[in-house]
Amino acid sequence: MALCLAISLVTRRGFVPYDQLVRYKWWFECGYMSSTGQCFDIGAATSQSLKEFVYRQTMFAKRHRIPLARVDYLSDHNLL
Numbered sequence: 003m004a005l006c007l008a009i010s011l012v013t014r015r016g017f018v019p020y021d022q023l024v025r026y027k028w029w030f031e032c033g034y035m036s037s038t039g040q041c042f043d044i045g046a047a048t049s050q051s052l053k054e055f056v057y058r059q060t061m062f063a064k065r066h067r068i069p070l071a072r073v074d075y076l077s078d079h080n081l082l
């Protein structure tokens with residue numbers, strides 16, 4: 003998770019919470035930036051929080067008719 007935070011701060015040149023959450027989601031679901039290629043040693047609270055984020059993303063995408071495949075790449079701060 004720390005690598006996800008670092009990559010977000012560097013690539014976005016600052017603190018962008020949505021980008022960080024997306025990267026944490028990628029780590030959780032796909033092992034993004036993990037040394038093993040998969041998520042490991044995740045606590046129950048972190049797991050539940052990321053599941054809630056995915057649920058809210060899904061609801062947001064449906065409400066605004068955004069393809070689910072594109073919801074991770076939103077950058078309009080007024081929309082978020």
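In this note's numbering, the protein residues as written are 3 to 82.
Even for Gly, the Cβ is constructed at its ideal location relative to N, Cα and C.
Quick caveat, the model's predicted, so the values are computed rather than measured.
Asked, Found
"By DSSP, does Ile68 sit in helix, in strand, or in coil?", "coil"
"Which residue wins for smallest C-alpha separation from Ala47, given the options Ser37, Phe30, Gly39 and Gln40?", "Phe30"
"The alpha helix (DSSP H) spanning Gln22 covers which residue range?", "Pro19 to Cys32"
"Would Phe55 and Val73 be called neighbours here (beta carbons separated by less than 8 Å)?", "no"
"Determine, using beta carbons only, whether Gly33 and Gln40 come nearer to each other than 8 Å.", "yes"
"Count the other CB atoms within 10 Å of the CB of Tyr26; is the residue buried (16 or more) or exposed (fewer)?", "buried"
"If you reduce the DSSP assignment to three classes, tell me which class Gln50 lands in.", "helix"
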